Amino acid sequence: MPVVQVSLISGYSRELKQRLCSRLTDAVRHTIEADPEAITIFLHEVDPDGYMRGGRARAPGAEAAAPPSPEALVRTFLDAMEARDLEVASALLADDFTMEFPGSGVMSRLDELVAWARGRYRFVKKRFTAFDSCDKGDHAVVVCHGELYGEWPDGSTFDGIRFIDRFEVRDGKLSRQSVWNDLALASA
């Protein structure tokens, strides 16, 4: 029965502490193949007055609020793109963001994507089947998949077209998007 104990300065949000416990449980489960029911996580909170590092008292400050999870960041981006709110979507992108769609080549700005997609369809929306996330050390990977639906340029509709989106999240920003879908097969 693995037991993990972590000491934190008190003041972190409940959401952040629960996410930390969940991720630690997953890390143990995937490292030593333990049954999640057998894994115990203890968070010990230390009063900020009883903590010092580098000769200075420290407190959680702004980081006490949980940043959005990588999955939540991806969902916010995709929702903004579907609503064509490019200002909100752009604010979620890293300075070195790149994206690639089937047949598009590498793009780095959302206006490039809009121009590239203009003649391919009137609009496209996504029905999500699942989101999967994993931590890769210096970044997180979020993969979502499901089906596309929308309208072709002539006004006819399409539905049930498979897609997979893979995102890399670094420092709270989207740094890369890779997309695979069957739109070309459906349009043929």
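Here the sequence shown is numbered in my numbering, starting from 24 and rising by one per residue. Backbone N, C-alpha and C fix where the C-beta goes; we use that ideal spot for every residue, glycine too. The structure displayed is predicted, hence computed values, not measured ones.
Which of the three DSSP states is assigned to residue i in this structure?
i: R107; result: coil
i: I62; result: coil
i: R185; result: strand
i: A117; result: strand
i: S179; result: coil
i: L194; result: First, the residue type needs correcting, since residue 194 is Asp and not Leu in the sequence shown. In this structure, D194 counts as coil in the three-state DSSP scheme.
i: G173; result: strand
i: S127; result: coil
i: K159; result: coil
By Cβ distance below 6 Å, which residues in the same chain neighbour residue i in space, the five residues on each side in sequence not counted?
i: L47; result: V27, I64
i: P71; result: I32, A82
To which residues of the same chain is residue i closer than 7 Å at the C-beta, ignoring the five residues directly before and after it?
i: D205; result: I184, R185
i: F124; result: V202
With a threshold of 8 Å on Cβ separation, who are the neighbours of residue i within its own chain once the five nearest residues in sequence on each side are excluded?
i: V192; result: P93, L96, V97, H162, A163, V164, V165, S198
i: H168; result: F151, T152, A153, R185, F186, I187, D188
i: D194; result: A117
i: A209; result: F181, I184
Quick test of your reading: residue i and residue j, contact by CB under 8 Å. State the CB separation rounded to the nearest angstrom.
i: V51; j: I62; result: 5 Å
i: T121; j: S113; result: About 14 Å; that fails the 8 Å criterion.
i: G34; j: A82; result: 6 Å
Original post:
Does the segment 172-181 touch the segment 91-111, meaning 3 or more C-beta pairs lie closer than 8 Å?
Top reply: no
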